[in-house]
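In this note's numbering, the protein residues as written are 34 to 477. Backbone N, C-alpha and C define an ideal beta-carbon position, used for all residues, glycine too. Predicted model, so just to flag it, every value in this text is computed and none were measured. First up is the structure itself, then whatever we jot down about it.
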Amino acid sequence: MKENEIEVVVVPRWRQPFSGICALLLGLFVAIFTWWIFADIRFSLGHFMFGWYPEVASLLGGWGLLIAVWQAWLDNYPYSKLRRSWAVGVAGTVLNLVLLWFMVYVVFYQLIGSIVPVASFPKLLLLGFPVETALYLSSSATGMATGATFSFGLLWVAGSMFWPLYYAKQPKRGLYSVFLAFAIGLVAWWFLLLPPVAQMGQNSAAILSFMYLSELQPAMSTIYSIIIYYYTVSWFYLNTGALRMLNLTQWVIFFAIFTMLTWEYEPWIRLKKQPLVGVVAFVSCTFLGVLFGLVLSQMIYTPPIPPYYVWISMGQASLAPMAEIAREGAKWTAPLVLAVFFIMAEFILYFYFDNWPKKYSKLVNLTVRTVIVILAGLAMLYLYYLFSASIIGDPDILTMLSNPILFLDPRPLSNPLPFQLWLLWVLLLHGYVWKKWPFWKPIT
34 MKENEIEVVV
44 VPRWRQPFSG
54 ICALLLGLFV
64 AIFTWWIFAD
74 IRFSLGHFMF
84 GWYPEVASLL
94 GGWGLLIAVW
104 QAWLDNYPYS
114 KLRRSWAVGV
124 AGTVLNLVLL
134 WFMVYVVFYQ
144 LIGSIVPVAS
154 FPKLLLLGFP
164 VETALYLSSS
174 ATGMATGATF
184 SFGLLWVAGS
194 MFWPLYYAKQ
204 PKRGLYSVFL
214 AFAIGLVAWW
224 FLLLPPVAQM
234 GQNSAAILSF
244 MYLSELQPAM
254 STIYSIIIYY
264 YTVSWFYLNT
274 GALRMLNLTQ
284 WVIFFAIFTM
294 LTWEYEPWIR
304 LKKQPLVGVV
314 AFVSCTFLGV
324 LFGLVLSQMI
334 YTPPIPPYYV
344 WISMGQASLA
354 PMAEIAREGA
364 KWTAPLVLAV
374 FFIMAEFILY
384 FYFDNWPKKY
394 SKLVNLTVRT
404 VIVILAGLAM
414 LYLYYLFSAS
424 IIGDPDILTM
434 LSNPILFLDP
444 RPLSNPLPFQ
454 LWLLWVLLLH
464 GYVWKKWPFW
474 KPIT
C-alpha cells in the first residue's frame, strides 16, 4: 500500500482493553437490535412482511460481510477521503447495502439464476415452488457462494498478499482482488456447494409433482403419502450433503484467518516470495480445513442406542427416520458451528483488541493468542446455547433434540449460523468501514 493512499489512521480512544470492550459491546448491541427488527422469527418485520426465514438471514449476513471485506481491499475507496470516521462509516454502510442488493437480486437472482434456477427465488416461484421452499433453496444456494468465496477466493488473494498487484494504486489493486476472489469462489461454489442444493431442488420438484397427481387421483392418496414421506426423508439427507460441504469450507476459512490475522502470516511469510507464499497458504489451509472438518464430524457423540429404536419404542415410528436425519445433520452442523465461533474469536481479537499480546517474544505472543481464540470460541458457543432462545429466538436446543420433527420446519433455527453471519457482518462493518467509531479516534 502506498503511504499517500492512507487517509484515516485511528487509535483506541482509551487504553486497552477498555476501548475494545466498549466497541465490541456496541457492535453486539447493533447486531442484536437489527436482528430483532429484520430477522427474528418471533416478531421481526422481515418475517411478518416478507416471510423471511433463517436461511435468508444467512444469505444477507454472508453477502454483507463478504462485501465488507471487499471494501477493506479497496481501502474504503472512493469515500475514504471523507474527514470524519462516522462519515466514512455511513457512506460505506450505504454502499454495502446497495452492493448486497445488487449481488443477490441482480447477479444471482437474474443473471446466474437464468442458468441455475435453484439460485433464484423469483425463478423458483415461477416454476411452482411454494414460497417457503423457494426461499430455503435459493437462499441456501446463493448464500453458499459467499462460503466458497471466503474459503478459497479470500484465501488465495489474502494469502498471496494481492500478488501481483500489491504495489498498484487503488482502485486497481482492490478491484483486481475482488474480481479474482469472486471468480475463484464461483468455481468452488459450482463444483462443491451447488450440486447438493440442486439435488434438493430436483427432489422438491418431484414432491410437488406427486402432490399434483394426488389431487387428480384421490384414490392414490395412500401411495402418494408413502412416496411423499420417503421423498421428504431423502430430501433432508441431501440437505446433510450441503451441510457437509459447508462444514469443510468453514474450517478452511478458520485456518486461513488464523494464519493471516492471529499468527500474522506465520509460517508462510518465511518463504518470502510470491506467489509461492500464496500457493503454500492455499494448499496448507485447504488441507487442514478438510482434515479438521472430517475428523471432528466423526467425533460427534452417538448414543449407545440409536434414536431410531428409541422413537419406535415410544410408539412414534413415523418420527424414527427423522431422528436419524437430525443426528446425521448434527454430525456436520456441530463442527461447522464451532468453526464459525472460532472465526468470530479471531476477528474480535484482531479488530477490537489489536491482536493482543504483542510485547512478548513471537512464540509467546502466538501461543497466547491461540489459547485466547480457542477459549473465547468455546465460551461463545456455551453462551449462545444458554441465552439464544430468549435473546434471538432460536429454539432451546433440548427442545430441538427431543422433538426432531422441528428440524423439518425451516422457520426455527437448528444452528447458530444465521445469527453468527449476521453478527460477523455488523462487526466487520464496524471494524473495517466505521473504524470502530466512536471508541477509536483518528490521528491523521
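Could you spell out where the beta strand (DSSP E) holding residue i opens and where it closes?
i: residue 15; result: No answer is possible for residue 15: it lies beyond the span of the chain, which begins at 34 and ends at 477.
i: residue 45; result: 43-45
Judging by CA-CA distance, which residue of the options is the nearest neighbour of residue i?
i: residue 49; options: 372, 383, 92, 217; result: 383
i: residue 55; options: 464, 475, 476; result: 464
i: residue 364; options: 377, 278, 311; result: 278
i: residue 128; options: 455, 289, 467, 162; result: 467
i: residue 372; options: 296, 422, 290; result: 290
i: residue 72; options: 450, 475, 210; result: 450
i: residue 174; options: 132, 95, 105; result: 95
i: residue 60; options: 457, 165, 475; result: 457
i: residue 315; options: 182, 370, 462; result: 182
i: residue 403; options: 324, 294, 322, 302; result: 294
i: residue 231; options: 200, 167, 209, 52; result: 167
i: residue 307; options: 476, 191, 113, 149; result: 191
i: residue 321; options: 51, 292, 123, 303; result: 292
i: residue 469; options: 387, 422, 222, 201; result: 387
i: residue 459; options: 148, 74, 78, 98; result: 98
i: residue 214; options: 160, 201, 180, 203; result: 180
i: residue 329; options: 313, 125, 44, 367; result: 367
Taking the alpha-carbon positions, what's the residue i to residue j distance?
i: residue 283; j: residue 220; result: 17 Å
i: residue 68; j: residue 425; result: 7 Å
i: residue 225; j: residue 184; result: 12 Å
i: residue 473; j: residue 121; result: 13 Å
i: residue 119; j: residue 397; result: 36 Å
i: residue 109; j: residue 331; result: 42 Å
i: residue 134; j: residue 90; result: 13 Å
i: residue 234; j: residue 287; result: 30 Å
i: residue 475; j: residue 274; result: 47 Å
i: residue 162; j: residue 58; result: 41 Å
i: residue 201; j: residue 415; result: 45 Å
i: residue 149; j: residue 42; result: 43 Å
Considering residue i, what are the terminal residues of the alpha helix (DSSP H) in which it resides?
i: residue 397; result: 395-424
i: residue 473; result: Careful: residue 473 lies outside any alpha helix (DSSP H), inside the beta strand (DSSP E) at 473-475.
i: residue 49; result: Residue 49 -> no alpha helix (DSSP H), and no H or E assigned at all.
i: residue 453; result: 450-461
i: residue 173; result: 164-181
i: residue 217; result: 205-221
i: residue 201; result: Segment: none, residue 201 is in no alpha helix (DSSP H) and carries neither H nor E.
i: residue 192; result: 187-192
i: residue 121; result: 118-134
Given 7 Å as the limit, tell me if residue i has its C-beta closer than that to any heavy atom belonging to the ligand ADP.
i: residue 366; result: For the structure depicted, the ligand ADP is absent and the ligand set is empty, with no information on it obtainable.
For residue i, decide whether its Cβ has a neighbour in chain B, counting only Cβ atoms nearer than 8 Å.
i: residue 456; result: In summary, chain B is missing from the structure at hand, where a single protein chain is found.
Sequence ranges, alpha helix (DSSP H) only - wholly within the stretch 293-337, length at least 4: Segments of the alpha helix (DSSP H) lying fully in the stretch 293-337: 309-330.
Is the stretch 151-166 close to the stretch 189-196, with three or more CB pairs under 8 Å? In short, these stretches do not touch, since the Cβ pair count stays below three.
Decide if the stretch 399-409 is in contact with the stretch 368-378; the criterion is three or more beta carbon pairs, one per stretch, under 8 Å apart. Contact annotation: the stretch 399-409 touches the stretch 368-378, with at least three C-beta pairs closer than 8 Å.
Quick check on the DSSP output: what are the complete beta strand (DSSP E) runs of length 3 or more inside the stretch 89-114, in order along the chain? Those beta strand (DSSP E) runs which fall completely within the stretch 89-114 and span 3+ residues do not exist here.
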